[in-house]
Every structure is written in C-alpha cells, then in structure tokens.
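Chains as they are written, first to last, in the UniProt record's numbering: chain A, 1 to 441; chain B, 1 to 441.
There are 2 protein chains.
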Amino acid sequence: MAGETPQGDNMTGATTHRVVIVGAGFAGLAAARTLGNTGIDVTVIDRRNHNLFQPLLYQVATAALSPADISEPIRRTLGRFRNIKVMLAEVTGIDPSAKTVQLDHGASVPYDQLVIATGSEYNYFGHEDWRAWAPGLKTIHEARLIRQRLLLAFEKAELSQDSEEKKALLTSVIIGGGPTGVEMAGAIAELGRFMITRDFRKLEPDHMRVILIEAGPKILSAFPDNLVQYALRELEKTGVEVLTNLPVEAMTKDEVVAGSRRFRAGCIIWGAGVKASPAGRWLGIEGKAGGRIPVEPDLSVTGFPDIFAIGDTALGLAEDGKPLPALAQVAKQQGEYLGRALKEKLLDGKPVGPFHFQNRGNTAVIGRNAAIFDFGKWTLKGWFAWLLWAIVHVYLLVNFEKRLLVSIQWIWRYLTRQRGARLIDENAAAFVPSSTQRTET
Amino acid sequence: MAGETPQGDNMTGATTHRVVIVGAGFAGLAAARTLGNTGIDVTVIDRRNHNLFQPLLYQVATAALSPADISEPIRRTLGRFRNIKVMLAEVTGIDPSAKTVQLDHGASVPYDQLVIATGSEYNYFGHEDWRAWAPGLKTIHEARLIRQRLLLAFEKAELSQDSEEKKALLTSVIIGGGPTGVEMAGAIAELGRFMITRDFRKLEPDHMRVILIEAGPKILSAFPDNLVQYALRELEKTGVEVLTNLPVEAMTKDEVVAGSRRFRAGCIIWGAGVKASPAGRWLGIEGKAGGRIPVEPDLSVTGFPDIFAIGDTALGLAEDGKPLPALAQVAKQQGEYLGRALKEKLLDGKPVGPFHFQNRGNTAVIGRNAAIFDFGKWTLKGWFAWLLWAIVHVYLLVNFEKRLLVSIQWIWRYLTRQRGARLIDENAAAFVPSSTQRTET
Numbered sequence: 001m002a003g004e005t006p007q008g009d010n011m012t013g014a015t016t017h018r019v020v021i022v023g024a025g026f027a028g029l030a031a032a033r034t035l036g037n038t039g040i041d042v043t044v045i046d047r048r049n050h051n052l053f054q055p056l057l058y059q060v061a062t063a064a065l066s067p068a069d070i071s072e073p074i075r076r077t078l079g080r081f082r083n084i085k086v087m088l089a090e091v092t093g094i095d096p097s098a099k100t101v102q103l104d105h106g107a108s109v110p111y112d113q114l115v116i117a118t119g120s121e122y123n124y125f126g127h128e129d130w131r132a133w134a135p136g137l138k139t140i141h142e143a144r145l146i147r148q149r150l151l152l153a154f155e156k157a158e159l160s161q162d163s164e165e166k167k168a169l170l171t172s173v174i175i176g177g178g179p180t181g182v183e184m185a186g187a188i189a190e191l192g193r194f195m196i197t198r199d200f201r202k203l204e205p206d207h208m209r210v211i212l213i214e215a216g217p218k219i220l221s222a223f224p225d226n227l228v229q230y231a232l233r234e235l236e237k238t239g240v241e242v243l244t245n246l247p248v249e250a251m252t253k254d255e256v257v258a259g260s261r262r263f264r265a266g267c268i269i270w271g272a273g274v275k276a277s278p279a280g281r282w283l284g285i286e287g288k289a290g291g292r293i294p295v296e297p298d299l300s301v302t303g304f305p306d307i308f309a310i311g312d313t314a315l316g317l318a319e320d321g322k323p324l325p326a327l328a329q330v331a332k333q334q335g336e337y338l339g340r341a342l343k344e345k346l347l348d349g350k351p352v353g354p355f356h357f358q359n360r361g362n363t364a365v366i367g368r369n370a371a372i373f374d375f376g377k378w379t380l381k382g383w384f385a386w387l388l389w390a391i392v393h394v395y396l397l398v399n400f401e402k403r404l405l406v407s408i409q410w411i412w413r414y415l416t417r418q419r420g421a422r423l424i425d426e427n428a429a430a431f432v433p434s435s436t437q438r439t440e441t
Numbered sequence: 001m002a003g004e005t006p007q008g009d010n011m012t013g014a015t016t017h018r019v020v021i022v023g024a025g026f027a028g029l030a031a032a033r034t035l036g037n038t039g040i041d042v043t044v045i046d047r048r049n050h051n052l053f054q055p056l057l058y059q060v061a062t063a064a065l066s067p068a069d070i071s072e073p074i075r076r077t078l079g080r081f082r083n084i085k086v087m088l089a090e091v092t093g094i095d096p097s098a099k100t101v102q103l104d105h106g107a108s109v110p111y112d113q114l115v116i117a118t119g120s121e122y123n124y125f126g127h128e129d130w131r132a133w134a135p136g137l138k139t140i141h142e143a144r145l146i147r148q149r150l151l152l153a154f155e156k157a158e159l160s161q162d163s164e165e166k167k168a169l170l171t172s173v174i175i176g177g178g179p180t181g182v183e184m185a186g187a188i189a190e191l192g193r194f195m196i197t198r199d200f201r202k203l204e205p206d207h208m209r210v211i212l213i214e215a216g217p218k219i220l221s222a223f224p225d226n227l228v229q230y231a232l233r234e235l236e237k238t239g240v241e242v243l244t245n246l247p248v249e250a251m252t253k254d255e256v257v258a259g260s261r262r263f264r265a266g267c268i269i270w271g272a273g274v275k276a277s278p279a280g281r282w283l284g285i286e287g288k289a290g291g292r293i294p295v296e297p298d299l300s301v302t303g304f305p306d307i308f309a310i311g312d313t314a315l316g317l318a319e320d321g322k323p324l325p326a327l328a329q330v331a332k333q334q335g336e337y338l339g340r341a342l343k344e345k346l347l348d349g350k351p352v353g354p355f356h357f358q359n360r361g362n363t364a365v366i367g368r369n370a371a372i373f374d375f376g377k378w379t380l381k382g383w384f385a386w387l388l389w390a391i392v393h394v395y396l397l398v399n400f401e402k403r404l405l406v407s408i409q410w411i412w413r414y415l416t417r418q419r420g421a422r423l424i425d426e427n428a429a430a431f432v433p434s435s436t437q438r439t440e441t
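Put into structure tokens, the structure is as follows:
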C-alpha cells in the first residue's frame with residue numbers, strides 16, 4: 001500500500017540529506033520536482049494547500065476562469081515522488097545555528113539545506129490601509145474579491161436612480177501600469193462592455209470607465225517603446241484611459257485621489273509594485289531592493305552557505321550586474337538549477353557552477369487579439385502574439401485536464417464573448433482582504 | 001443599441017401586466033423563461049446573482065467540480081428576453097393591499113401578479129447553533145466551507161502526532177440519510193481513500209471513517225426497499241457506516257452526540273430535512289408542513305388570488321391528496337405551468353386548468369458505478385443507473401459549455417480518480433456559515 005511506504009525507503013547514500021523548501025510557488029515547486037525520486041529527504045512547507053498559476057489569475061478576477069482551473073494541490077503535484085513530504089503550515093522563523101525551521105503550531109523542522117522560496121507580495125508603500133480598498137492580485141482569495149466587487153458594482157449601478165452614482169459604480173480604477181495592471185484594465189473593459197450590451201437593461205456603454213493610473217512616465221516600463229506605443233493604442237481602442245505621471249495620494253472605499261484629481265470608483269485594484277516576503281527578517285538580514293535577499297552566484301544567501309533563496313524573494317544578479325526581474329521564468333529556472341545543484345553536490349559531491357538566467361521572452365496581453373512579446377533581440381505584437389501567448393500559457397498549465405478545461409473555456413469565450421464564472425459569492429460581507437491570509441488553524 | 005431599448009417596447013396588449021417573480025431557482029427561472037419574449041413585463045428578484053444547479057452541489061463540496069461549473073448568472077440566462085428585468089436584492093416583505101414587494105435597500109416594486117419561489121433551507125429543528133458546526137448543502141458558500149473543512153482535517157491529521165486525534169480528524173459525520181446525505185457520504189469515502197493512498201504519507205486508509213447518521217428507521221425513506229437495500233450494500237462497500245434510529249442530541253465544533261454515542265469528527269455535515277423559506281410570514285399566514293405555503297390547484301396562495309407560490313416553498317397537493325415532494329422536478333414543472341397559465345390568462349383571457357405533477361423518476365447516486373432510480377412502476381440500480389444519472393445530469397445543465405466542462409471533468413475523474421478542485425481557500429478564518437448569507441450592500 002502506498003500509504004504504508006516508510007519515508008526514505010529509496011535512499012541511496014549512506015547519510016540522509018534533509019532539504020527543506022519553504023514555499024511551493026514556481027521556484028519552490030521546480031526545486032522540489034528536480035529533487036524528486038532521489039535519495040534526498042525533501043520537505044515542502046507552504047501555508048496554502050495549492051500551487052497557483054499566477055499569470056492567469058487576472059482571468060479569475062474577471063470571471064473568465066475558475067480558481068481550480070489554475071491551481072493544483074501541492075500534494076497532487078508532488079505525490080508521485082516518494083521522497084517528498086508536504087506540510088500545510090506557516091513558517092514563523094528560522095534558527096540557522098540549530099538548523100531548524102519554526103512552524104506556527106509550535107513544531108520545528110530540522111534541515112541540512114534550507115531553500116527559501118516565499119515569493120513576494122504587493123507593496124503599498126507604507127499605506128497598508130489602502131489594501132482593504134484596493135486588493136492586489138496574488139491569491140485566489142483576492143481574485144475572487146475583485147470579481148465580486150466588480151460584478152456587484154454593476155448590479156448596484158443597474159438599481160441606482162442617481163446618474164452620478166451610476167457612473168461612479170461603473171468606473172474601475174487600476175493602479176499600476178505593469179503587465180498585471182494592463183491585463184486587468186483590458187479584461188475589465190471587455191467584460192464590462194459585454195455585460196452592459198447583453199445583460200443589463202439600464203446601463204449605457206458610455207457610462208463605463210476603466211482608468212489605468214501609473215505613477216511613472218510610462219506604462220509597461222520593462223518593454224521597449226514600440227510595444228508600449230502599441231499597447232497604448234490597443235488599450236485606447238478597448239476603452240481604457242491611461243494616465244501616467246500620476247502618483248496616488250489618497251484613497252477611500254470608493255475614491256482615489258491622484259495628482260489633485262479625484263476618481264470615484266466602483267472597484268479599485270492595486271498592481272503598483274511588489275516587495276519580497278519578509279523571509280529576510282527570519283535570518284536577521286536586511287533585504288535590499290524591495291526587501292529581496294541578496295544571494296551568491298550559487299543562490300546561497302550571502303553569509304549562510306546552507307541556506308538558499310530563489311524566486312521573487314531572492315535578489316539574484318544577471319551577468320551585467322543588474323538585479324534579475326521578479327518573473328515566473330526566473331523563479332522556475334532558479335528552482336530547477338538549485339534542485340540540480342543540490343543533487344550533484346549532496347549525492348555526487350560535485351562542485352556546482354553559477355546560475356545563468358536564460359531570457360525566454362517577456363510578455364503581456366492587452367485584450368482580445370492583442371498581446372506583446374519582448375525576446376530581447378526581437379519583438380512581436382498583435383494577433384499572432386496573442387495566439388502565441390495563449391498557446392504558451394495553456395502549455396505551462398500543470399496537467400492535461402487543466403489544459404483542456406482552459407482551452408475549451410477560451411475557445412468558448414472567443415466565439416461567444418461569454419465569461420463562465422460571473423459569480424458573486426454569497427458571503428461577501430465576510431470577505432476581508434488581508435496581507436496575512438492563511439488557512440484556519 | 002441593446003442598452004437603449006426602453007422597457008416594454010415589445011408589448012402587445014393595451015395594458016402592461018407586471019409579473020414579479022421572487023427567487024430564481026428551478027421554479028422561478030422556469031416561470032420567467034416561459035414568460036420570456038411575451039408582452040408581459042416581468043421582474044425577477046433574487047438575493048444572489050446566480051442560479052445554482054443544486055443536484056451537483058455535493059460534487060463541489062467534495063472537490064470534484066468548481067462552483068462556476070454548476071452555476072450561471074441569472075442575467076445571462078434571462079438576458080435574451082427583452083421583457084425580463086433582473087434585480088439583485090433581498091425581499092423583506094410583501095404588501096398585498098398596495099400590491100408591492102419591499103426590498104432591503106428601501107425601494108418597493110409594484111406588481112399585478114406575484115410569484116413566490118424562494119425555495120427552502122435546512123431545518124436544524126430548533127438547534128440553530130448547530131448550523132455553525134454542521135453546514136448544510138444549499139449554497140456555493142456552504143459547499144466551499146465543507147470542502148475546506150474536509151481537506152483541512154486531512155492536512156491536520158497528516159501533521160498530528162497523536163493517533164486518537166488523527167483518527168478523529170479522519171472521521172466525517174453526515175447527519176441525515178436522504179439523497180444528499182447518501183451522496184455526500186459516498187463521495188467523501190471515495191475522496192478520502194484516494195487522497196490517503198495517493199497523496200499522504202502518514203495516514204492509513206483504516207484510520208478513515210465516514211459515518212452516516214439517520215434519526216429514522218431507514219435511509220432514503222422515499223425509495224422502495226429493494227433500492228434501499230442495494231444502497232446500503234454499496235455504501236458499506238465504499239466504507240460508509242450507516243447508523244439508523246439515531247437522533248442527534250448534541251453537537252460541538254468537533255463532536256456529535258447521538259443515542260448516547262459520541263463521535264469525534266474532523267468534518268460534520270447536515271442534511272437532515274428542509275424547511276420552507278420564511279415567505280409565508282410576509283403574507284401573515286402560517287405555513288403548514290415544514291413552513292410551506294398552502295396553494296390552490298392553480299398554484300395561487302389560498303386567500304390571495306394574485307399571489308402564487310411554486311417550488312419548495314409551496315405546499316402543493318398531488319391527485320391523491322398527499323403533499324408534493326420538495327424536488328427540483330416539481331419546482332420546474334410548477335414554474336413552467338405557472339408561466340404558461342399566466343400567459344394564457346393575462347394575454348388571451350383563457351381560463352386555466354389545475355397543475356398536474358408528472359413524476360419523471362426519483363434518483364440518488366451512491367458512488368462510482370452505483371446509483372438508484374425509482375420511476376414508480378419500475379426501478380433501476382447499478383452501473384447502468386449510474387450512467388443514466390450522469391447523462392441526465394449533464395443534460396440538465398444550463399448550456400453547452402457547462403455540459404462539456406462537466407463531462408470532461410467526470411471522464412477525467414473516472415479514468416484517474418483525481419479530483420480537480422481540491423482547494424483550501426485562503427481566507428478560511430473569515431468563513432462563517434449563516435442562514436442569512438447575502439451579498440454585500
């Protein structure tokens with residue numbers, strides 16, 4: 001019986017190496033998989049039971065996909081590797097001298113090598129109170145909260161007799177002009193126009209506004225200018241107003257103040273920059289850019305040869321000395337590299353070369369038939385980029401079932417413009433966004 | 001532009017009849033659809049934005065389907081009928097003399113004919129405090145809550161060092177031996193066994209218990225004895241313990257006391273009888289069996305010729321004088337009948353004959369390859385009944401997209417035994433079951 005197989009039956013070395021991985025996002029999961037079915041005793045700790053495919057989370061927030069389409073239980077992903085143990089728990093600290101990880105329910109887990117892959121969270125730049133009014137897009141909970149507010153604002157607008165209130169409810173403000181902000185703005189504009197035309201009786205398409213606010217001089221600042229210009233044109237076509245050089249100064253439940261302008265809104269969304277998870281504090285070290293933990297070329301934390309940091313929480317450097325961007329592909333490559341490196345070092349005693357990031361291309365989708373790709377040497381935009389974006393993202397999903405389900409929903413949506421997941425959850429009042437969301441204990 | 005069509009443009013009669021339907025479940029939606037694209041001005045009011053296909057809700061609770069697979073925005077279903085208006089609001093009262101319906105946000109809606117289709121809720125027989133520990137299965141919120149508790153109990157059991165606690169966490173108690181209780185018990189047993197064998201390291205299949213408790217002398221009391229015997233055998237094969245003549249006496253967060261026996265449990269589920277929604281109180285009339293509103297043969301509420309009650313909330317009588325069961329097929333047929341009757345009466349001035357219920361067969365599914373059908377004159381059980389059950393339920397889904405999505409997930413599950421929606425929601429602590437859940441105002 002599978003359940004009766006004792007731990008570490010398939011150990012090959014004389015000593016059992018214990019690798020503990022904290023966080024099962026792109027980075028942690030890639031590291032764990034690479035260490036799968038080896039003689040190394042691997043423990044993966046996450047405070048959630050599922051891995052989330054964040055690049056498609058904006059589609060959950062805009063009612064196009066269901067949460068389960070883009071998430072997978074960590075146990076299911078790692079279940080086939082008999083040397084990997086999964087724990088649903090929150091890490092509260094690290095003791096580098098005792099070589100243990102502390103968990104919230106009091107237990108501690110010993111390690112020989114520790115991998116920190118705890119990701120990042122949205123940065124409200126000191127305005128933590130804004131989090132309640134403008135959720136970011138990092139968890140299923142937040143995506144569902146945004147979906148809820150968006151749909152509820154339209155329902156309230158339909159019932160409203162006051163035309164000013166109606167317009168305010170039909171206004172969505174997205175703060176931050178990075179890929180997530182652009183994707184959300186495009187998707188909200190499409191969803192809103194469709195719903196007004198098809199399903200509502202007392203709303204006019206002209207009453208709807210989608211406003212994308214960026215503090216800096218341009219949106220999609222990581223992309224070359226020709227792609228940014230294209231994105232701006234496409235956003236305008238979809239009906240999105242893009243406002244740059246407009247830092248947000250104040251916010252209430254239904255109003256955003258930026259550059260002395262006031263925007264009443266039915267739904268406010270935050271996408272204005274991320275900061276690393278507070279894992280650096282566990283080690284008593286100060287993070288650098290955005291709280292990220294500085295790492296050596298082998299991804300070990302500077303000063304802690306047995307502790308590694310990968311993904312958004314790590315501050316790795318590219319060959320040119322610039323920090324690597326906080327992207328899924330960096331996280332995945334670092335996880336795979338580290339898994340391989342640990343295997344070679346621990347099992348074969350081989351020395352390990354430094355990590356090299358291979359840029360696979362940076363992408364953002366603006367809306368129906370419109371996406372951009374930046375491959376460094378060349379770029380791609382338009383319908384073909386959009387198709388490539390869709391194919392790549394379906395391919396990156398975790399298994400055949402999810403690929404099939406997402407493909408069908410996308411094809412259905414492409415043909416009918418219908419979005420299948422327009423649900424307002426019943427217990428809306430109980431929805432409280434919080435930076436420290438976790439499972440019941 | 002669609003959004004600019006004024007209300008009632010397509011009216012044919014000289015006078016506009018205003019029909020207000022409260023509740024968009026099986027009954028209300030069937031009535032509304034039948035009145036679609038006529039000269040009657042129809043308003044549908046519901047406190048939720050979606051219609052839920054409740055017969056498959058237990059599959060959401062056991063991680064087999066996503067909420068969006070079995071729910072559809074009411075606006076989307078009714079969007080193509082230009083004479084139907086949808087309002088997301090909670091009804092707080094009815095004024096039969098002024099002929100208006102009061103809404104929670106203060107507005108009132110006038111009607112000429114009123115249809116009450118507000119359904120039913122679980123009956124805790126005076127123990128409202130049990131609702132928090134043993135959620136029923138009526139809303140998406142409750143299904144997600146049950147899924148959450150079930151999965152979390154297994155996660156906690158994996159971490160527990162105490163073997164008594166481990167066993168308690170792996171015990172599920174289902175109260176009520178009707179179809180919902182049986183379906184839940186079978187599905188939990190299958191899910192649990194699969195997860196323990198495949199994904200957990202420190203749990204034994206023998207530690208898992210699924211206990212189905214029924215206060216009466218037999219489970220599935222609406223079914224003939226040969227089917228009940230079959231169901232009992234199948235439940236036993238799946239590992240479900242069925243205990244009859246055992247009324248629940250007390251309950252805490254993690255313990256059920258019934259017939260002087262104590263059952264510690266990781267998850268408690270309620271399915272022990274329903275009562276009608278409190279719509280009877282709005283009319284100042286006492287409901288009869290389970291709070292249901294007595295109706296005449298034309299489904300008008302006794303004493304209120306312009307108010308009709310259909311579905312679970314109505315107490316209709318069969319030809320033999322017995323009350324009609326609270327089933328989806330009764331609700332649907334009553335809704336269709338009433339829609340037709342109102343159309344003929346209001347538009348053509350025709351008199352309307354009484355409602356006749358046509359029994360299409362009563363069914364319950366016990367597990368993989370096992371279901372029962374009771375068609376009155378003949379019965380069906382086993383693999384073929386299970387296949388028929390699956391085909392019928394896919395067919396009853398609202399559109400082609402949902403049919404395809406559910407079929408794919410079922411085929412996938414049949415082949416792999418994997419369940420795609422094993423998600424523990426992030427904000428578990430905020431999940432509070434409540435009988436008066438509603439959307440944010």
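We treat Cβ as the ideally placed atom computed from N, Cα and C, and that holds for glycine. Predicted, not measured: the structure shown is a model, and the values here were computed from it.
Classify residue i as helix, strand or coil using the three-state DSSP reduction.
i	result
residue 443(A)	This structure cannot settle anything about residue 443(A), because the visible part of chain A is limited to 1 through 441.
residue 171(B)	strand
residue 333(A)	helix
residue 111(A)	coil
residue 278(A)	coil
residue 400(A)	helix
residue 124(B)	coil
residue 265(B)	coil
Around the Cβ of residue i, are there at least 16 other Cβ atoms within 10 angstroms (buried) or fewer (exposed)?
i	result
residue 172(A)	buried
residue 136(B)	buried
residue 333(A)	buried
residue 230(A)	buried
residue 66(A)	buried
residue 419(A)	buried
residue 151(A)	buried
residue 355(B)	buried
residue 378(A)	exposed
residue 120(A)	buried
residue 76(B)	buried
residue 98(B)	exposed
residue 163(A)	exposed
Would you mind telling me which residues of chain A sit closer than 9 Å to residue i, beta carbon to beta carbon, in chain order?
i	result
residue 347(B)	Neighbours of residue 347(B) on chain A: none; closest Cβ ~22 Å, over 9 Å.
Check the C-beta distance from residue i over to residue j and give it rounded, since I have them as a contact under 8 Å.
i	j	result
residue 295(B)	residue 315(B)	6 Å
residue 100(B)	residue 109(B)	6 Å
residue 457(B)	residue 255(B)	This structure leaves residue 457(B) out entirely; chain B is present only between 1 and 441.
residue 185(A)	residue 235(A)	6 Å
residue 189(A)	residue 242(A)	Wrong, their Cβ atoms sit about 11 Å apart, outside the cutoff.
residue 373(B)	residue 390(B)	Not a contact, Cβ separation roughly 12 Å.
residue 22(A)	residue 84(A)	That belief does not hold up - the Cβ atoms of residue 22(A) and residue 84(A) are roughly 14 Å apart, past 8 Å.
Closer than 8 Å by beta-carbon distance: list the chain B residues that pair up with residue i, in chain order.
i	result
residue 423(A)	49, 50, 67, 68, 71, 73, 140
residue 408(A)	401, 404, 405, 408
residue 89(A)	159
In chain A, which residues lie with their C-beta within 8 Å of the C-beta of residue i?
i	result
residue 233(B)	Neighbours of residue 233(B) on chain A: none; closest Cβ ~25 Å, over 8 Å.
residue 164(B)	Within chain A, no residue comes near residue 164(B); the closest Cβ sits about 17 Å away, beyond 8 Å.
Identify the contact partners of residue i in chain A, using a Cβ-Cβ distance below 7 Å as the criterion.
i	result
residue 412(B)	401
residue 85(B)	201
Requested in this report: Just list the beta strand (DSSP E) runs in the region 141-196 of chain A, keeping only unbroken ones of 3 residues or longer that don't cross its boundaries, in chain order.
Outcome: 171-175
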